[in-house]
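Using my numbering, read the sequence shown as starting at 1175 and increasing by one per residue.
Below is one structure, written out as structure tokens; comments come after it.
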Amino acid sequence: MANLDLTLKDMMAVDGAVGAAVVDYDSGMALGHLGGSKALDLQVAAAGNTEVVRAKIRTMEQLRIKEDIEDILISLSTQYHVIRPVSGRKGKGLFLYLALDRGRANLALARHRLRDIEENIEV
């Protein structure tokens, strides 16, 4: 089981990572974050992406879709932003947020790595 610091370090080890956060989507607060920049404020990203997660969960409930969200992808011209809700008991109510440099990242490998990280998170 990985603790919060190790989880964040593992996320930042993904090729092309520019910022990572573990976020509580009930409160919108980042429990921890690494990376970021003036252009990528991870506290603001955590709060904003909480609304994305809440909206998707609400929509799925309205549509009566009984599946788990694997991840939510936001693609920008120079970045990928990957949101992965934590599905295990130990991380329920959390999501992983990873911002990637689109020119350096392999999206498929990043999603695969996030899945592995999510399976081992312990907060």
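Don't be surprised by glycine CBs; every beta carbon is placed ideally from N, CA and C.
May I ask you to report which of helix, strand or coil DSSP gives Asp1245?
Three-state DSSP puts Asp1245 in coil, outside helix and strand.
Own chain residues within Cβ distance below 7 Å of Leu1272, not counting five before or after:
If we look at Leu1272 and ignore the five residues flanking it on each side, its Cβ neighbours are Met1185, Val1188, Ala1191, Ala1194, Val1256, Ala1284 and Leu1288.
To the nearest angstrom, report how far apart Leu1180 and Arg1276 are at their CA atoms.
The straight-line gap from Cα to Cα measures roughly 24 Å.
What does the Cβ neighbour count give for Met1175, buried or exposed, with the cut at 16 atoms within 10 Å?
Bear in mind that a pLDDT of 44 at Met1175, under 50, signals an unreliable position, so the number given afterwards is only what the model happens to contain. Burial call: exposed.
Just mark His1207 as buried or exposed, buried being the case when its beta carbon has 16 or more other beta carbons within 10 Å.
Only buried fits His1207, as 16 or more other CB atoms lie within 10 angstroms of its CB.
Helix, strand or coil for Leu1268 per DSSP?
Here Leu1268 sits in strand by DSSP.
Here's the rule I'm using: 16 or more other beta-carbon atoms within 10 Å means buried, otherwise exposed. How should Leu1274 be labelled?
Using a 10 angstroms sphere on the CB of Leu1274, the tally of other CB atoms reaches 16 or more, which defines it as buried.
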